[in-house]
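Notes to accompany the following structure.
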Amino acid sequence: QQQVKQSPQSLIVQKGGISIINCAYENTAFDYFPWYQQFPGKGPALLIAIRPDVSEKKEGRFTISFNKSAKQFSLHIMDSQPGDSATYFCAAGLMDSNYQLIWGAGTKLIIKP
Amino acid sequence: DAGVIQSPRHEVTEMGQEVTLRCKPISGHNSLFWYRQTMMRGLELLIYFNNNVPIDDSGMPEDRFSAKMPNASFSTLKIQPSEPRDSAVYFCASTFRGRGTEAFFGQGTRLTVV
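Protein chains in written order, with my numbering: chain A, 4 to 116; chain B, 1206 to 1319.
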């Protein structure tokens, strides 16, 4: 009930391509789904987040797609750039209990120039 | 704001020694988290404080781990005695509960126990 499964574990994409990372959750009570980006030697930083009342949220080149019935959500990075190379974490939790975020295992993304 | 400040950035210690990690959250934030990150287990929540009070410490692995938050601007995570399996990157994060859920992370302390 409390797992968030993230895939793939690692991903290599050519510059200009689309990077796609997927996550699946189990607890239907979750109502907050953030993606965090982590560069080497740094802490994770919030990239984009979505609530289940919308199916998609876009911020620049980053888009979250959310499928409530399938209990899945994904991060799409359009026109991927070498500067996007980082580890990406999805998470799921309750909006009013932020400490209960359940984290995915992370995806190491490498964008080849 | 300087963000969440952790010290030290790196710590190498011998097995059996006491280790103390320090964190200064963002001013005005009322929630603080300690996380541990390893390749094998990913990001694990160790303990959560709200208004300086420990709310959930179920993630603290053993009695060797303890955390305190004596005031709103300082927290410590102590490991005594340390063991090689404690080697990891420890992150502190803070947020203001009630103003959204974004957690702001520090740069982490890389702990190596030899």
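Built from N, CA and C at the ideal position, the CB exists for glycine as well. Model, not experiment: these values are computed from the prediction.
Every unbroken alpha helix (DSSP H) inside the segment 1281-1309 of chain B [4 residues or more]: None, since the segment 1281-1309 of chain B contains no complete alpha helix (DSSP H) of that length.
Reduced DSSP secondary structure (H/G/I, E/B, other) of Leu-1266(B): For clarity, residue 1266(B) is Pro in the given sequence; the question names Leu instead. Correct three-state label for Pro-1266(B): coil.
Contact with chain B by Trp-38(A), beta-carbon distance below 8 angstroms: Interface with chain B (8 angstroms Cβ-Cβ cutoff): Trp-38(A) is excluded.
Contact list for Glu-1307(B) against chain A, beta-carbon separation under 7 angstroms: Contacts between Glu-1307(B) and chain A, judged by CB atoms closer than 7 angstroms, involve Leu-49 in chain order.
Span separating the alpha-carbon of Phe-36(A) from that of Asn-1276(B): The alpha-carbon atoms of Phe-36(A) and Asn-1276(B) are separated by roughly 31 angstroms.
Check whether Gln-103(A) and Leu-97(A) have beta carbons under 8 angstroms apart: Their beta carbons are under 8 angstroms apart, which means Gln-103(A) touches Leu-97(A) by this criterion.
Residue-level contact to chain A via CB, Gly-1264(B), 8 angstroms cutoff: For Gly-1264(B), the answer is no, since every Cβ of chain A falls outside 8 angstroms of its Cβ.
Same chain, Cβ closer than 7 angstroms to Val-1318(B), five either side skipped, listed in chain order: Within its own chain, the residues whose Cβ lies closer than 7 angstroms to the Cβ of Val-1318(B), once the five positions on either side in sequence are excluded, are Thr-1218, Met-1220, Ser-1287, Glu-1288, Pro-1289, Asp-1291, Ser-1292, listed in chain order.
Counted within 10 angstroms of its Cβ, other Cβ atoms place Ala-95(A) as buried (16 or more) or exposed: Buried: at least 16 other Cβ atoms inside 10 Å.
Which residues DSSP lists as bridging Gln-41(A), in chain order: Per DSSP, Thr-90(A).
Chain A residues whose Cβ lies nearer than 8 angstroms to that of Phe-1279(B): Contact note: Phe-1279(B) does not reach chain A at a C-beta cutoff of 8 angstroms; the least C-beta distance is about 18 angstroms.
Three-state class that DSSP yields for Pro-1259(B) in the structure shown: Of the three classes helix, strand and coil, the one that applies to Pro-1259(B) here is strand, per DSSP.
Assigned secondary structure, Pro-1275(B) (DSSP; H/G/I helix, E/B strand, else coil): Note: Pro-1275(B) maps to strand in three-state DSSP.
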